[in-house]
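Visitor:
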Amino acid sequence: MDNLSVNIKINENPYDIPVSSVFSMAARNNPKRSYLFVSKLIGKHIPVRPIVPFTAGYLLASRLAEYMGLTVNRKKIKEAVSLLSCEQAGDFQPVSYELSGKSLFIGFAETATALGHAVYDCFKGNACYLHTTREDLRGTVDTIFFTEAHCHAPEQRCLVCDASLFTNNDLLVLIDDEITTGNTCLNFIKTIQEKYPQKHYIILTILDWRSKEAKEKYALFEQELGIKLEVISLYTGSFGCSLSGSAEKEQLSPVNIAVNGKQVILTGEKSELSRVISHNEPIGRQINLPGHYSSSYLQYTGRFGINIMDSDGLRKEALRLGRKLSQLRRGEKTLCLGTGEFMYIPFLIAAGMGPGIAVQSTTRSPVQAHLRQGYAVQYAVTFTDPFRPNIKNFVYNIKPFYYDEVFVFWEREVKPEAVAVLVQSLNGLGIERIVFVSHCR
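Residue 1 is where the sequence shown starts when you use the UniProt record's numbering, and the numbers rise one by one after that.
Okay, structure coming up:
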């Protein structure tokens, strides 16, 4: 493995959140960027308690509220910070903020779809939410294309099913878990301005690592486009990163699991796919948008735009479904696994499934797994995307023989045999009971 060396300097931490509660580091199998800040707050690479992503959203929302001159509850903020570092399930009820005027919130796929939604849910008033997508949807709606140059999957798009979401806004808020150069945000803003000019942008991010030069670039960009552009974060700082040592990378084949920093090949073990329990649980409206792979998606995800009324309905349905699925539990330690961009709804459902729940999501991000103290990614499973066979998916940090069962949430129906390698790998990690929950047929 390459030796990953990172020197970090924190300049601002307005809510005094311990760094150990926020992120760790890992090496990526990506020549464009060899390191990764692995968030402990968003439920992507690292499993977390269901309350954690929502609490992180509340803290970011509070930073925005302060910037907008709204009153924030300092006691509530301290309670939220404390909740991030404790191991107990906790019960946290965020305070809602009301923005004047018309606002649009947009979360970045794939890591910040749930984070963006959690931020949005902390606001009342005339506001809507969207998240960008890497889904290859080819419908009749207008689409804003932009690139995330450093990423393993650089092509992003934002679907404009309703142009009114982008018109007459007083504020457009972009949400991501971290920005380093900030170029992705600038690329996106530039393409938005070409079609749907806005006057005021705010970028909300957990980590802001922009250099002095990057911040100067932002100021120049702001002047050139004639817009107001602000960046608000939970942390600002700088870092230096280097990789040294062996250039050898771990290439995880679909039937391998990285355990103890090595590949363990599952030979002679066959998964009994018939033992996978499958449920179809509709939640909210489905939207039919002609695409390359499927035409059924959930309206409630935010990919097509949702409003406050939609969010209220989603919370009620998720609570109902959480109670229903809790009756299917058979173990004390249960992992609720979202898939790709489909994170927020599974996390919301999981929050109602009782104690002993952890949440996280699959990802397309290739990260090196090594069992080393302090290293962010200890274990890895890889499998083929059931809808796009040319794309690899990963699940990280599932400890062997830790969970009693896994509930896997799919936006669209997936047959167990389509992801046999995933099922086999979970079985190989000592998880014998697997429940598939899908929401669209």
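C-beta atoms are modelled at their ideal positions from N, C-alpha and C, and glycine is treated no differently.
1. Could you round the C-beta distance between P389 and G430 to whole angstroms and report it? I think they count as a contact, below 8 angstroms.
2. Just list the alpha helix (DSSP H) runs in the segment 167-222, keeping only unbroken ones of 4 residues or longer that don't cross its boundaries, in chain order.
3. With contact counted as at least three CB pairs below 8 angstroms, one residue from each stretch, are the segment 195-202 and the segment 127-141 in contact?
4. Quick one: grab the DSSP three-state call for N427.
5. Going by C-alpha to C-alpha distance, which of R157, R210, K44 sits closest to R364?
6. Are Y218 and G240 touching if we call contact CB-CB under 8 angstroms?
7. Considering only their Cβ atoms, is the gap separating C122 from Y201 smaller than 8 angstroms?
8. Extract the residue ranges of the alpha helix (DSSP H) inside the segment 55-123, only unbroken runs of 4 or more that lie entirely within it.
9. Which of helix, strand or coil does DSSP assign to S34?
10. Judging by CA-CA distance, which residue of L70, T147, L84, A114 is the nearest neighbour of E98?
11. Can you round the beta-carbon distance between N29 and V367 to whole angstroms, since I take them to be within the 8 angstroms contact cut?
12. Using the beta-carbon count (16 or more within 10 Å), is T167 buried or exposed?
13. According to DSSP, simplified to helix, strand and coil, what is D16?
14. Could you check where the alpha helix (DSSP H) with G322 kicks off and where it finishes?
15. Enumerate in chain order the residues of its own chain whose CB-to-CB distance from G356 is below 7 angstroms, with the five nearest sequence positions on each side excluded.
16. Report yes or no: do the segment 342-355 and the segment 319-331 share at least 3 C-beta pairs separated by less than 8 angstroms?
17. Is E332 helix, strand or coil by DSSP?
18. From what residue to what residue does the alpha helix (DSSP H) around Y344 run?
19. Nearest by alpha-carbon distance to L298: which of T205, H439, G313 is it?
20. Taking 8 angstroms as the threshold (C-beta atoms), are V395 and V381 in contact?
21. What whole-angstrom Cβ distance do D208 and I179 have, given they're in contact under 8 angstroms?
22. Compare the beta carbon distance of A109 and I42 with 8 angstroms and say whether it is the shorter of the two.
23. Are there any heavy atoms of the ligand NAD lying less than 7 angstroms away from the beta-carbon of A369, as far as the coordinates show?
24. Quick one: give me the first and last residue of the beta strand (DSSP E) that H439 is part of.
25. What does the alpha-carbon distance come out to for the pair F23 and F54?
26. Under DSSP, the beta strand (DSSP E) around K392 begins and ends at which residues?
27. With DSSP collapsed to three states, give me the class of T301.
28. Is T191 near F145, with beta carbons less than 8 angstroms apart?
29. Tell me where the beta strand (DSSP E) around Q23 begins and ends.
Guide: Put simply:
1. Taking 8 angstroms as the upper bound for CB-CB distance, P389 and G430 are not in contact here, some 28 angstroms apart.
2. Correct list: 183-195.
3. Taking a contact to require three or more Cβ pairs closer than 8 angstroms, the segment 195-202 and the segment 127-141 do not qualify as touching.
4. Looking at N427 - three-state DSSP - the assignment turns out to be helix.
5. Looking at R157, R210, K44, the one whose alpha-carbon comes closest to that of R364 is K44.
6. Taking C-beta atoms as the reference points, Y218 and G240 fail to come closer than 8 angstroms.
7. No, the Cβ-Cβ distance between Y201 and C122 is not below 8 angstroms.
8. Counting only runs of 4 or more residues that sit fully inside the segment 55-123, the alpha helix (DSSP H) segments are 74-85, 113-120, in chain order.
9. DSSP, read as helix, strand or coil, puts S34 in coil.
10. The shortest Cα separation from E98 among L70, T147, L84, A114 belongs to L70.
11. With 8 angstroms as the limit, N29 and V367 qualify as a contact, their Cβ atoms being about 7 angstroms apart.
12. T167 counts as exposed, since fewer than 16 other beta carbons sit within 10 angstroms of its beta carbon.
13. DSSP places D16 in coil when its eight states are reduced to three.
14. Boundaries of the alpha helix (DSSP H) harbouring G322: 308-326, taken from the DSSP string.
15. Excluding sequence positions up to five before and after G356, its CB lies within less than 7 angstroms of the CB of E332, K333, T334, all in the same chain and listed in chain order.
16. Contact between the segment 342-355 and the segment 319-331 is present, because at least three Cβ pairs lie under 8 angstroms.
17. Three-state result, E332: coil.
18. From DSSP, the alpha helix (DSSP H) with Y344 extends over 344-350.
19. The shortest C-alpha to C-alpha distance from L298 to any of T205, H439, G313 is the one to H439.
20. Contact flag set, yes.
21. About 6 angstroms; that satisfies the 8 angstroms criterion.
22. Taking 8 angstroms as the Cβ cut-off, A109 and I42 do not qualify as a contacting pair.
23. This structure does not include the ligand NAD; it has no bound ligands of any sort.
24. Boundaries of the beta strand (DSSP E) harbouring H439: 433-440, taken from the DSSP string.
25. C-alpha separation (whole angstroms): 16 angstroms.
26. Where K392 is concerned, the enclosing beta strand (DSSP E) stretches over 392-396.
27. It is helical.
28. With a cutoff of 8 angstroms on beta-carbon distance, T191 and F145 are scored as near each other.
29. For the record, residue 23 in the displayed sequence is Phe; it is not Gln. Unbroken beta strand (DSSP E) run through F23: 23-27.
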